[in-house]
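The block underneath contains the structure these notes are about, expressed in structure tokens.
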Amino acid sequence: MEAKSERAERAAQNELLFRAVNEQILQMTERFRAQLSDIDIVCECAVASCVGTIRITAEEFVRIRRETGTFFVLAGHEDTDVEDVVGRRNGYVVVRKQAVAADA
Ligand SMILES: [Zn+2]
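Residue numbering for the sequence shown follows numbering that gives the first Met the number 0, starting at 0 and increasing by one per position.
Following this line, the structure appears as structure tokens:
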């Protein structure tokens, strides 16, 4: 069985990668923001093969992403061993990373 710390580290790396992707999506979307109220972001869960998307309002994404260590995952994709659920919405979950000893 894999050590929890290794899993947490990999999860953090995946989440940072997907967060970067979503930042790009947001930037591309922002110019159309007047016309678009919803954006489709990728699930930020720890599963590298996950290609799930989450429909979310741009406002919600901007509001929650300001909180350090919070990520969006599809409902059921949360890993409560390494992250805490801080909010449940329609079809997705907001999670916050638990403190990891090593810096990502
Ligand atoms: Zn996922």
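All C-beta atoms, glycine included, are put in the ideal place defined by N, C-alpha and C.
Exercise for the section: Report the rounded CA-to-CA distance for Glu47 versus Arg65, giving the unit in angstroms. Expected result: Going by the sequence as given, residue 47 is Ala instead of Glu. Cα-Cα distance, rounded: 24 Å.
Handout entry: Range covered by the beta strand (DSSP E) that runs through Thr52
Key = Thr52 to Thr56
Exercise for the section: Taking the CB atoms as reference points, tell me whether Glu43 and Arg18 lie closer together than 8 Å. Expected result: yes
Problem - Nearest-angstrom Cα separation, counted from Ala45 out to Glu14 - result: 6 Å
Practice task
Taking only the alpha-carbon atoms, compute the straight-line gap between Glu77 and Ala98 and give it to the nearest angstrom.
Solution key: 16 Å
Exercise for the section: Give the C-beta separation of Asp37 and Thr56 to the nearest angstrom, bearing in mind that I take them to be a contact with Cβ-Cβ under 8 Å. Expected result: 6 Å
Exercise for the section: For Thr79, name the three-state secondary structure that DSSP assigns. Expected result: coil
Handout entry: Own chain, CB closer than 8 Å to Arg87, minus 5 neighbours either side, in chain order
Key = Ala74 and Val93
Exercise for the section: Return yes when the C-beta of Gly51 is under 7 Å from any heavy atom of ligand 1, and no when it is not. Expected result: yes
Problem - Element boundaries [beta strand (DSSP E), containing Arg6] - result: Unbroken run through Arg6 is the alpha helix (DSSP H), Lys3 to Glu29; no beta strand (DSSP E).
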